[in-house]
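Taken in order, these protein sequences are the chains called H and S.
The first sequence begins at 1 in the working numbering and counts up by one.
The second sequence begins at 1001 in the working numbering and counts up by one.
No residue lacks a Cβ here, since even glycine has one placed at the ideal position from N, Cα and C.
There are 2 protein chains.
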Amino acid sequence: MHDAAPAQSATLHDVAREAGVSIATASRALNGSARNVRTENASRVRAAAAKLAYRPHPSAQAIARGSTRTAALVVGDVADPYFSAIAGGFSQAAEAAGLIVTLAVAGRSPQRELEIVRTLRGRRPRVIAVAGSRVDGADTRGALAGELEAYQAAGGRVVMVSQRDLPFGTVTVDNAGGAHQLARALAGAGYRRFAIFRAPASVRTSRDRCEGFAAGLRASGVTLDDRFVIETEFTRGGGYEAARKLAERGLDGVEIVFAVSDVMAIGAMTAFRDAGFVPGRDIAVAGFDDIDSAIDVTPALTSVAVPLREVGLAAMRLALGDGPATDTVQISTGVVLRESTPGRR
Amino acid sequence: MHDAAPAQSATLHDVAREAGVSIATASRALNGSARNVRTENASRVRAAAAKLAYRPHPSAQAIARGSTRTAALVVGDVADPYFSAIAGGFSQAAEAAGLIVTLAVAGRSPQRELEIVRTLRGRRPRVIAVAGSRVDGADTRGALAGELEAYQAAGGRVVMVSQRDLPFGTVTVDNAGGAHQLARALAGAGYRRFAIFRAPASVRTSRDRCEGFAAGLRASGVTLDDRFVIETEFTRGGGYEAARKLAERGLDGVEIVFAVSDVMAIGAMTAFRDAGFVPGRDIAVAGFDDIDSAIDVTPALTSVAVPLREVGLAAMRLALGDGPATDTVQISTGVVLRESTPGRR
DNA sequence: CAGACTGCGGAATACGTTTTCCCGGCGCCT
DNA sequence: AGGCGCCGGGAAAACGTATTCCGCAGTCTG
C-alpha cells in the first residue's frame, strides 16, 4: 500500500479525471452543495478522492468562496496560565465548530497588538478574538478599534475578552464583583490592615479588581491606607518585587496582601518566605484567577475563581452565535477561601 | 481622515487602477520581486496602497506562489505549562521569521493527532511541528509518519519535538541524561529507598526519563525496588493519585519519589501534605522540567531544568535552517537541587 | 402527444495574486 | 547608421476551487 508519494498532492482536477466526471461534479460531490449529484457519480468521486488522498486546498477554497475556516486568537503571552487556559477553551470550541485556530502573541505591547490585528485582518479569518493586554489610554487604541470595526464591517466577527467598552461582542469577567466579594469575605474574617499589589492603572483588569476590592472594603467599614496600594508589574516578578520591598520594611504592620492576580500572589508568597516570613501565618495573601497551581502552593492560595476555559468557550460561542454583533456575556466569579488567609481572631 | 470603510477591502486591482499602472506592475512594486520597477511608479503604487489600506490576500498569494507563510504547531494541551512554554518559544521564532502560527490541540490522543496532521497538511503550511503525545506503539503511528513523509516529499518541513525515532528534523531533550544525573545527585545526597511515579510505558518521554533514572541509580550502586515503580497518568492528577495511595500505606519506607514530570511531582507533594506528611521532611520529592512554579511550591521542587522556550525556538530554527531535513538538535538539561530533597545524613 | 418542468452534468467564469511572455524604447557597440 | 542587449511595462496565463449558467434527457401535466 506504499505507492510512491506524488511530489505534488492531488487536486480536484485529478480527482475528477480519475472518477471520469467534470470538476464541477467532483466539487459538488465532495462538499455537499445545494445541488444534487447522482449517487453513483458521488460514490465514484469519493472513491477517487480516497484513492488519491485528495485534500482540498483551503486557500483555494477561501478564495473561491470568499471566506475561510479559521478563527484567530490574539493573546498577551501563551506561557501565562491565564492566557493559555483561555486559549485552551477557545481552541476546543473552535475545533468543535470545524474551525482552525491561528494564534498570535502580542507580548503585552499595544503596538504589537495593533500590528498583529492588521495582518490578521488581511488573512480574513471568520472571527478575531482579542484577549490582549487591555492597556487603555494608549494612543494605539483608537487605531485598534478602527481596524476591528473595518473588519467587522467587511463581515468578520470580533470578540473582545474582558474589554468591555468597545462596540464588539464581549465576554467579560466579573472582576469588580469578585474582588468586592473577596474583600467582604476577608474583612469578615477579621483582617483590617490591607495592602494591595496592583498593576499600572492603564491595565484595565487590574484597575477593575483593585477598585472592586476597595469598594468591598469600604462596604465592610474597613479603611484602606493608600500607602499600601503598591503598583508593580502584572507578572510573577512584579509580585515578588513588591513583596520583597514590603518585607524589607518588616511588613509595616500589614496583615494581608491582595494581589490582583494569582501569579503575582504566588510570587509574593515566595518573596515573603525568602525573607523569612511565613505566608498564612506572618502575613496572609490572596490572589485572583484561581489558576491551577493555587492549590499546590503552600499555604494553598485564597483566590477568586475565574473559569478561564469557560471564558474561551464563551468567546467562540459568542462569535458563532447569531445574536447582535455587540452582545456581551458576563462570566461570573466566586471567592475560594484557603489556608493562605486563615482569618484573624 | 475617516472615510467610510469600503464594505469589501481593496484588492490589488484597485491599487493598480488608483496608481494608474497595471496589476503586474503594482504587484512587482509591492513585493520587491526580481524585476525592477521605475521608482516613480513604485512610489505611486505604494501611495495608492496606503491610501486604500490595501492588504494582500494571503490565500490568493498562497495559491499564486504555491506556498504559504504559516507554521503549524500541534501540541497535546495548551494549558499544560510544558506545552505552552514550547509554544511560546515557537511562536516567538515564527514571528521573527514573518510566519503566522496556527495552533492545534491534539488532547493527548494519537487518533486526534493523526486527524489534525491530516487537515493541517491540507493547509500547506511551511512547517509542521509536532510536540505531541509521543505515544508509541499506537497503530496510528505508522499512519502519522506516512502522512508527514508525504508532506515532506511535497516540500514541507517537519520537525518533531522529542520524538527521536522518526526520519524528520528533531529537537530532542536529553531526558535520559538529565534523569541519570538527577539519580546520581540524589544517591549522592544519601537517598537509598526510591519510588518512581511514571506514565504508561507507551509515553516515550516518561519511559526515557524513567530508564535514565534507573540507570543512574544502578551507576550509583543503589537498587531500585520494582514495587515502587508506580504507573499512573502523565498529569497532575496522576501524581496526586499515586502519592495518595503511597501515603495510605504509610509511605512503605520510601524516602524519596521521583516523578517523571513537575506537574506530577507537584500533585504528589500536595497529596502527601493532604495526607499529613510534610514533603521535604517526611518524604523527598523530585520532578522533571523545572517549570516556573517549581520554585513557588513549598518546599521548592528539585527538578531537571529543561529550557522549554529554547525547545520551541530550536524547533523553528531547525525548520527554517537549510541543513538536511533530518537534522537533530539535542537540548541539554541540568539538575537543579532544591529544598524538596534536603539530603539525608 | 405536446409542452412545461425537473434533475443533473459540464463548460465557463470568478476569486486575487504571481509570474511568464511579449513588446517597445533606449543606449551602446561596431 | 544599424543591430543588439537591456530595461521596464502590460497582457495573459496559472494556481485550485466554487458556482453560475446552459443544455440535455427524462418525467409530469393537461
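{"Check": "Starting from the beta carbon of ALA87/H, find every residue of chain S whose beta carbon is closer than 7 Å, and list them in chain order.", "Outcome": "VAL1078"}
{"Check": "Answer yes if the stretch 306-324 of chain H comes into contact with the stretch 157-167 of chain H, meaning at least three C-beta pairs across the two stretches below 8 Å, and no otherwise.", "Outcome": "yes"}
{"Check": "Whole angstroms are fine: how far does the CA of VAL1105/S sit from the CA of PHE1234/S?", "Outcome": "17 Å"}
{"Check": "Along the chain, where does the beta strand (DSSP E) that runs through ARG157/H open and close?", "Outcome": "157-161"}
{"Check": "I believe ILE196/H touches ILE230/H by the beta-carbon criterion, under 8 Å. Please report the beta-carbon distance rounded to the nearest angstrom.", "Outcome": "7 Å"}
{"Check": "Please report the straight-line C-alpha distance between ASP290/H and PRO1324/S, rounded to a whole angstrom.", "Outcome": "46 Å"}
{"Check": "So what's THR1011/S in DSSP terms, helix, strand or just coil?", "Outcome": "coil"}
{"Check": "Would you mind listing the alpha helix (DSSP H) stretches within the stretch 238-301 of chain H that are 4+ residues and don't spill past its ends, in chain order?", "Outcome": "262-274"}
{"Check": "Beta-carbon of PRO1058/S versus every beta-carbon of chain H: anything under 8 Å?", "Outcome": "yes"}
{"Check": "I believe LEU1308/S touches ALA1085/S by the beta-carbon criterion, under 8 Å. Please report the beta-carbon distance rounded to the nearest angstrom.", "Outcome": "4 Å"}
{"Check": "Run through the stretch 1001-1076 of chain S for me and flag every whole alpha helix (DSSP H) of 4 or more residues, listed as ranges in chain order.", "Outcome": "1012-1019, 1023-1030, 1039-1052, 1058-1065"}
{"Check": "In or out: ALA1094/S buried (at least 16 other Cβ within 10 Å) or exposed?", "Outcome": "buried"}
{"Check": "Tell me, please, whether the CB atom of PRO1081/S is closer than 8 Å to any CB atom in chain H?", "Outcome": "yes"}
{"Check": "Along the chain, where does the beta strand (DSSP E) containing PHE1194/S start, and where does it finish?", "Outcome": "1194-1198"}
{"Check": "Three or more C-beta pairs closer than 8 Å, one from the stretch 57-73 of chain H and one from the stretch 1056-1069 of chain S: is that the case here?", "Outcome": "yes"}
{"Check": "Hey, does LEU103/H have any beta-carbon neighbour from chain S nearer than 8 Å?", "Outcome": "yes"}
{"Check": "Are the C-beta atoms of GLU339/H and some chain S residue less than 8 Å apart?", "Outcome": "no"}
{"Check": "For chain H, is any of its Cβ atoms less than 8 Å away from the one on ALA1097/S?", "Outcome": "no"}
{"Check": "Taking DSSP's pairing of strands, which residues face SER202/H in a bridge?", "Outcome": "None; SER202/H has no bridge partner."}
{"Check": "Can you tell me which residues form a DSSP beta bridge with GLN1330/S?", "Outcome": "THR1172/S"}
{"Check": "Is DSSP giving GLU1211/S helix, strand or coil here?", "Outcome": "helix"}
{"Check": "Helix or strand or just coil, what does DSSP make of SER303/H?", "Outcome": "strand"}
{"Check": "Let's see if you can read the secondary structure: which residues bound the alpha helix (DSSP H) around ALA1094/S?", "Outcome": "1081-1096"}
{"Check": "Let me make sure I understand the geometry here. Which of VAL1075/S, GLY1221/S, ALA1214/S has the alpha-carbon closest to that of GLN1163/S?", "Outcome": "VAL1075/S"}
{"Check": "Could you check the C-alpha separation between THR140/H and VAL37/H for me, to the nearest Å?", "Outcome": "52 Å"}
{"Check": "Going along chain S, which residues have a C-beta under 7 Å from THR270/H?", "Outcome": "ILE1295, ASP1296"}
{"Check": "Please decide whether THR11/H counts as near chain S, where near means a Cβ-Cβ distance under 8 Å.", "Outcome": "no"}
{"Check": "Which chain H residues sit within Cβ distance under 8 Å of GLY1122/S?", "Outcome": "ARG55, PRO56, HIS57, PRO58"}
{"Check": "Can you give me the C-alpha to C-alpha distance between ARG1192/S and PHE1258/S, rounded to a whole angstrom?", "Outcome": "12 Å"}
{"Check": "Based on DSSP bridge pairs, tell me the residues matched to LEU1103/S.", "Outcome": "VAL101/H, LEU1073/S"}
{"Check": "Would ASN1175/S be called buried (16 or more neighbouring beta carbons within 10 Å of its own) or exposed?", "Outcome": "buried"}
{"Check": "Looking at C-alpha atoms only, which residue of ARG1046/S, THR1070/S, ALA1024/S, VAL1171/S is the closest neighbour of VAL1306/S?", "Outcome": "VAL1171/S"}
{"Check": "Just to confirm my understanding: we take ALA1201/S, look at its own chain, exclude 5 residues before and 5 after, and list those with CB closer than 6 Å. What are they?", "Outcome": "ARG1207"}
{"Check": "Give every residue of the same chain whose Cβ lies closer than 8 Å to the Cβ of PHE1083/S, excluding the five residues on either side of it in the sequence, and list them in chain order.", "Outcome": "VAL1075, GLY1076, ASP1077, ALA1131"}
{"Check": "I want to see whether chain H comes within less than 8 Å of SER1303/S, judged by CB atoms only; does it?", "Outcome": "no"}
{"Check": "Consult DSSP for VAL1336/S and reduce its assignment to one of helix, strand or coil.", "Outcome": "strand"}
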